[in-house]
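Here's the structure, in structure tokens; my notes come after.
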Amino acid sequence: MKRLASRLWRRLPGGAFARNVLVIAGGSTLGQLLAVAASPLLTRLYAPEQFGVLGVYMASIALLSGLATLRYELAIPLPKDDATAKRLLQLALGLSLGFALTLALVLLWFGGTLLGWLGWDELIPYTAFLPLGTFLIASYQSLTYWAVRSGQYRAIATTKLWQGVGNVATQIALGLVGAGALGLLAGDAVGRSAGITRLARGVPGLFRLPDVRALLDTARRYRKFPIWSTGSTFINRFGLQLPQLFMATAFGPREAGWYLLTQRVLGTPTSLVGQAVAQVFLNRIAEIRREQPQRAPAFYLGIVGRMALVGGLPILVLGVALGGAFGWLFGEEWSTAGRMVQVLAPMFAAQWTFSPTSQILIVFERQELQLVWDVLRLVLLGSALVYARWAGMDALGSTAAISAAMTFAYFVLGLINYYSVK
């Protein structure tokens, strides 16, 4: 039986690429399945308003972590020698630590004023979590790129699983004692910290001080990443997180909590499996560019077609079916979140299909095209939200406007990706 399973594993469509995706996606999916499975309990331990605080916090650290490393971690799979790749990793980790410490000082002096001005008063008691969460995201992501380079896919999968376990266990335990929003934030921090030590152990000599001149030479060699990718990443993540922040600012923490649940139940699992595809795709397309660049267009189209069939269509069906059961699954006060899932299903399907392969712009060093698309998406999304406010739409109507703008933007991304390799 074991031999038969091994033979079937080796014959999966797509060969090593598909197997590596399944390894990483397996850990991500299991971790997120725990979060999804625990959601009916968590939505009864925590109010929508408390989920709204978590949503604003998560959106904030996602934005800040995109600035912390200057995106040098994206270059880790590219060098031919491991010494240069390790210097890129050390550079990314050092920058993320310095950024987190600077952010902590800024928030110590101006945090209350800044968050109050943004209308996020509920987050003010928890400002200490912002630099911590930013550092944890940036460090884990940097170490993950090294693990991808060195083929440590099982290690990545294991850490993603333990992240889910740590997150859910902490949130349930603190929810049972009535910790409120603090329990949700603490669970998020515990989950993000899981796995960092294990991945760091897989990097030989990580904590040895690098040669400063070699480090600066490496930073200069890959300067396109901070020049193009940092701004592009911020705009990209701002486009992703704007709906969550918009819900909190325009309607309040309750509506922000509803929107967060849609992300947790359908959006986050879709995104995490997509990230697993992206990490393996990055390594494979980098090999193709080095050795057989003429194969890149056909390889790209093949992956997009598979993504649409395997995930895009099922996501549309699942979103419509699942949305109608939200009130029963999570409690009556979460029914509106179910209707949000139904109108967001096309967006999630388009994101699943096109977003993971945008790593092709990194490999072909066409970061300027990524920036063009990020700006376009932000303009489309911003215009949709301005129209929603002008038209007096409620939270559900605004969600429909978000879905339409984002779905169109992802189809444009698919065309840009193909153009970059033709």
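For the sequence shown, numbering that gives the first Met the number 0 gives the first residue as 0, with consecutive numbering after it. Here a beta-carbon is modelled for each residue, glycine too, at the ideal position from N, C-alpha and C.
query                                                                                                                      : result
Limits of the unbroken alpha helix (DSSP H) element including Thr68                                                        : Careful: Thr68 lies outside any alpha helix (DSSP H) and carries neither H nor E.
Cβ-based neighbour list, Phe245, same chain, cut-off 6 Å, excluding 5 preceding and 5 following                            : Leu384
Residue burial classification, Val52 (beta-carbon count within 10 angstroms, cutoff 16)                                    : buried
Cut-off 8 Å between Cβ atoms - residues of its own chain near Lys223, not counting five sequence neighbours on either side : Glu364, Gln366
contact_flag[the stretch 230-240, the stretch 78-88] where n(CB pairs < 8 Å) is 3 or more                                  : no
Per-residue DSSP class, three states only, for Leu205                                                                      : coil
N- and C-terminal bounds of the alpha helix (DSSP H) containing Gly115                                                     : 81-117
Backbone secondary structure at Ala4 - three-state DSSP                                                                    : With a pLDDT of 41 at Ala4, under the threshold of 50, the modelled position of this residue cannot be trusted, and the question is left open.
Whole beta strand (DSSP E) elements within the stretch 243-297, 3-residue minimum                                          : none
Rounded Cβ spacing between Leu412 and Trp351 (contact assumed at less than 8 Å)                                            : The pair is not a contact, with the Cβ atoms about 12 Å apart (cut-off 8 Å).
Host alpha helix (DSSP H) of Pro355 (start-end)                                                                            : That residue, Pro355, is in no alpha helix (DSSP H); it is neither H nor E in DSSP.
Alpha-carbon to alpha-carbon, Ala277 and Leu214                                                                            : 27 Å
Terminal residues of the alpha helix (DSSP H) in which Tyr152 lies                                                         : 152-175
Boundaries (first-last residue) of the alpha helix (DSSP H) holding Arg191                                                 : 180-192
Limits of the alpha helix (DSSP H) - the one that Pro313 falls within                                                      : 312-322
Selected residue, minimal CA-CA separation from Arg197, among Gln151, Glu72, Leu40, Val378                                 : Gln151
Beta-carbon spacing of Val164, Gly182 below 9 Å                                                                            : no
Own chain residues within Cβ distance below 8 Å of Gly396, not counting five before or after                               : Ala387, Ala390
Close-in-space but distant-in-sequence residues of the same chain around Leu3 (CB under 7 Å, 5 per side omitted)           : Residue confidence is low: Leu3 scores 38 on pLDDT, short of 50, so the model does not pin down where it sits. No coordinate-derived value is stated.
heavy atom of the ligand ADP below 8 Å from Arg219 C-beta                                                                  : Ligands displayed in this structure: none; no statement on the ligand ADP is therefore possible.
Closest residue to Phe128 among Trp116, Ile60, Leu317 (Cα-Cα distance)                                                     : Ile60
Where Phe410 falls, given that 16 or more other Cβ within 10 Å makes a residue buried                                      : exposed
As assigned by DSSP and simplified to three states, the class of Thr406                                                    : helix
Beta-carbon proximity check, Ala295 vs Ile359, cutoff 9 Å                                                                  : yes
Element boundaries [alpha helix (DSSP H), containing Glu121]                                                               : Where Glu121 is concerned, there is no enclosing alpha helix (DSSP H), given that its DSSP letter is neither H nor E.
Supposed contact pair Leu321 and Tyr340 - C-beta distance, whole angstroms, cut 8 Å                                        : The sequence as given places Val at residue 340; Tyr does not occur at that position. The Cβ separation is near 6 Å, so the contact holds.
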